[in-house]
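Engineer: Residue numbers (the working numbering): 2 to 343.
Starting off with a structure, shown below.
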């Protein structure tokens, strides 16, 4: 066996569990990025051997229905749908996924609400949840989830407080034997993928690395901002009022960062004056992000929109087809594993 084939064989062996679980060639999930992870990018990733995920975000059931149908028209390969737990029509969205026989559903943004787990699994879909801490990972496994994503604070968009490397060390040795675990946050090269697979991960999830794919519909201005940025440009948002349940968001610094601070003050004032309830305050913040992200991704307003990006953005250096990105990651990972024993 040549060196390169040894590396490829080792990589295939380490990725086998994750790939089998997903029904894909390689155990690489594409992160669900609102407005970016739509039919074109999702289908391209699945067609390239990875696993695409539709970002449902704030979509209505009708819009999700159309998006799944549109994706099916572009690929015959498996793909999944990412649903936000706080969506007011969550159970209707689950029903849309069931109707389309979507094979994998990811629930993001908090613990699965009562009944959602049974609704998803009862329809025959595999359920994947995010576990930002070991105790939560164990709780989710006990409740019957089929796989976990552990995402560190280097990721783009909504983030937790702990880094990927620490989460991987805490969680993988404890639960990787029980369910497939996918590691996410700050992954930009194949060497990091190889490292997490060696630690027991079944696969990885990448978002930022795919934003500038040729098949991504992100506005040229949005892509340009990514290509110019370095890791230190992707900063976490600041929480203005401790009462506001604002999950920090990592994005490239721009005028929109200041606009979010102002939006928080406005919502906090409405809370003070009794104009809105806490749940409504949280929804207003979420809707703000959805709108700000759309302005940047779709309209190209990179000044006032939200440029959600992970710290791996510095490793995104050119626009290229999804198939090339996946192939590069796999070559880098195989090369890293070549040098290791066994």
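Backbone N, C-alpha and C define an ideal beta-carbon position, used for all residues, glycine too.
Which whole-angstrom value is the C-beta distance of residue 51 and residue 25, which I expect to be below 8 Å?
Structural biologist: On the chain shown, position 50 is the one that residue 51 refers to. On the chain shown, position 24 is the one that residue 25 refers to. The pair is a contact, with the Cβ atoms about 6 Å apart (cut-off 8 Å).
Engineer: Please report the Cβ distance between residue 316 and residue 190, rounded to the nearest whole angstrom; I am assuming they are in contact, meaning their Cβ atoms lie under 8 Å.
Structural biologist: The sequence position of residue 316 within the chain shown is 315, counting from 1. The sequence position of residue 190 within the chain shown is 189, counting from 1. Right, their Cβ atoms sit about 6 Å apart.
Engineer: Is it the case that the Cβ atoms of residue 251 and residue 188 are separated by a distance below 8 Å?
Structural biologist: Along the chain shown, read from residue 1 onward, the residue named residue 251 stands at position 250. Along the chain shown, read from residue 1 onward, the residue named residue 188 stands at position 187. The answer is no: Cβ separation not under 8 Å.
Engineer: Three-state secondary structure (DSSP) at residue 149?
Structural biologist: Numbered from its first residue, the chain shown carries residue 149 at position 148. Strand at residue 149.
Engineer: Do we get a CB-CB distance below 8 Å when we pair residue 206 with the residues of chain D?
Structural biologist: Here there is only one protein chain, and chain D is not present.
Engineer: What's the call for residue 113, buried or exposed, on a 16-neighbour Cβ count within 10 Å?
Structural biologist: In the chain shown, residue 113 corresponds to position 112, counting from 1. Per the 10 Å Cβ criterion, buried.
Engineer: Report yes if the CB atom of residue 209 is closer than 8 Å to the CB atom of residue 313, and no otherwise.
Structural biologist: Mapped onto the chain shown, residue 209 falls at position 208. Mapped onto the chain shown, residue 313 falls at position 312. Result yes, Cβ atoms of residue 209 and residue 313 sit closer than 8 Å.
Engineer: Below 6 Å CB to CB, which residues in the same chain sit around residue 15 once its five sequence neighbours on both sides are set aside?
Structural biologist: To locate residue 15, count along the chain shown from 1; it is residue 14. Within the same chain, residue 15 has close Cβ partners 198.
Engineer: For residue 146, I'd like the list of residues in its chain whose CB is within less than 6 Å of its CB, leaving aside the five on either flank, ordered along the chain.
Structural biologist: Position 145 of the chain shown, counted from the first residue, corresponds to residue 146. Closer than 6 Å at Cβ, skipping near neighbours: 128 and 130.
Engineer: Report, in whole angstroms, the separation of the C-beta atoms of residue 186 and residue 19, which I expect to be a contact under 8 Å.
Structural biologist: Here residue 186 refers to the residue found at position 185 of the chain shown. Here residue 19 refers to the residue found at position 18 of the chain shown. That belief does not hold up - the Cβ atoms of residue 186 and residue 19 are roughly 17 Å apart, past 8 Å.
Engineer: Within 10 angstroms of its Cβ, does residue 60 collect 16 or more other Cβ (buried), or is it exposed?
Structural biologist: Start at 1 with the first residue of the chain shown, and residue 60 comes out as number 59. Buried: at least 16 other Cβ atoms inside 10 Å.
Engineer: Hey, residue 216 and residue 42: beta-carbon distance below 8 Å or not?
Structural biologist: On the chain shown, position 215 is the one that residue 216 refers to. On the chain shown, position 41 is the one that residue 42 refers to. Contact flag set, yes.
Engineer: What do you reckon, are the CB atoms on residue 256 and residue 5 nearer than 8 Å?
Structural biologist: Along the chain shown, read from residue 1 onward, the residue named residue 256 stands at position 255. Along the chain shown, read from residue 1 onward, the residue named residue 5 stands at position 4. No.
Engineer: With the cut-off set at 8 Å, would you say residue 100 and residue 71 are in Cβ contact?
Structural biologist: Here residue 100 is taken as the residue at index 99 of the chain shown, counted from 1. Here residue 71 is taken as the residue at index 70 of the chain shown, counted from 1. Not a contact, by the Cβ cut-off of 8 Å.
Engineer: Can you check which of these residues, 193, 195, 177 and 218, is closest to residue 384 by C-alpha distance?
Structural biologist: Lying before the first or after the last residue shown, residue 384 is absent from the chain, which here runs from 2 to 343.
Engineer: If you run the structure through DSSP and keep just helix, strand and coil, what is residue 205?
Structural biologist: Looking up residue 205 in the chain shown gives position 204. Here residue 205 sits in strand by DSSP.
Engineer: Just to confirm the assignment: which complete alpha helix (DSSP H) runs, minimum length 4, are found wholly within the region 253-310?
Structural biologist: You should have 256-273 and 279-298.
Engineer: Closest by CA to residue 35, which one among 290, 300 and 325?
Structural biologist: Looking up residue 35 in the chain shown gives position 34. Out of 290, 300 and 325, 290 has the C-alpha closest to the C-alpha of residue 35.
Engineer: For the putative contact between residue 148 and residue 103, defined by C-beta atoms under 8 Å, what is the C-beta separation to the nearest angstrom?
Structural biologist: Along the chain shown, one-based indexing puts residue 148 at 147. Along the chain shown, one-based indexing puts residue 103 at 102. Not quite, the Cβ-Cβ distance comes to about 15 Å (not below 8 Å), so this is no contact.
Engineer: Hey, residue 106 and residue 151 are a contact pair by Cβ (cut 8 Å); roughly how many whole angstroms apart?
Structural biologist: Taking the first residue of the chain shown as 1, we reach residue 106 at position 105. Taking the first residue of the chain shown as 1, we reach residue 151 at position 150. At roughly 18 Å, the Cβ-Cβ gap does not stay under 8 Å, so residue 106 and residue 151 are not in contact.
Engineer: What would DSSP say about residue 105, mapped onto helix, strand or coil?
Structural biologist: Numbered from 1 along the chain shown, position 104 holds the residue referred to as residue 105. Three-state DSSP puts residue 105 in a strand.
Engineer: Of the choices 234, 143 and 170, whose alpha-carbon is the least far from that of residue 196?
Structural biologist: Taking the chain shown and counting its residues from 1, one reaches residue 196 at position 195. Looking at the Cα atoms, 170 is the closest of the given residues.
Engineer: Starting from residue 176, trace the alpha helix (DSSP H) in both directions and tell me its first and last residue.
Structural biologist: Mapped onto the chain shown, residue 176 falls at position 175. Segment 165-176, the alpha helix (DSSP H) holding residue 176.
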